[in-house]
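Below you'll find the structure, written out as structure tokens, and then a few comments.
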Amino acid sequence: MIDIINTIAPDEETDDLKHDVRLRDQLDLDSMDFLDIVMELRKRYGIEVPEEDYPKLASLDSCVEYLGPKLADK
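Going by numbering that gives the first Met the number 0, the letters in the sequence shown line up with residues 0 to 73, in that order.
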């Protein structure tokens, strides 16, 4: 996920991200950046994230919880 953030927002500092804090509270990401992240997940891993699941990608911890099983199925 951090690699995707670095691709989408290369000017953002991701080295000190807290895993349990919302990404939008730590980074200057707007809604278009977030959609780019979702699109990159689909492109790289073939993972479709329905709009109703977007809140499950709020923090690094929640991303791991949500994406882990989906990646394991790939």
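Note that the Cβ used here is the ideal one computed from N, Cα and C, for glycine as well.
ASP19 to SER61 span [Cα, whole Å] = Here residue 19 refers to the residue found at position 20 when the sequence shown is read from its first residue. Here residue 61 refers to the residue found at position 62 when the sequence shown is read from its first residue. Rounded to whole angstroms, ASP19 to SER61 spans 8 Å at the Cα level.
Any contact of the stretch 13-33 with the stretch 56-72, i.e. 3+ C-beta pairs under 8 Å?
-> yes
Rounded to whole angstroms, what's the CA-CA distance from ASN5 to ASP14? Just pull it up for me.
-> For the purposes of this step, residue 5 is identified with residue 6 of the sequence shown, where counting begins at 1. For the purposes of this step, residue 14 is identified with residue 15 of the sequence shown, where counting begins at 1. Whole-angstrom Cα-Cα distance: 10 Å.
Nearest CA to the CA of VAL41: which residue from LEU70, GLU11, ASP10?
-> Here residue 41 refers to the residue found at position 42 of the sequence shown. Before going on, a small fix: residue 41 reads as Arg here, not Val. Taking only the C-alpha atoms, the option nearest ARG41 is LEU70.
Endpoints, alpha helix (DSSP H) assigned at ARG21 = Within the sequence shown, residue 21 is the residue found at index 22, counting from 1. Here ARG21 belongs to no alpha helix (DSSP H), and DSSP marks it neither H nor E.
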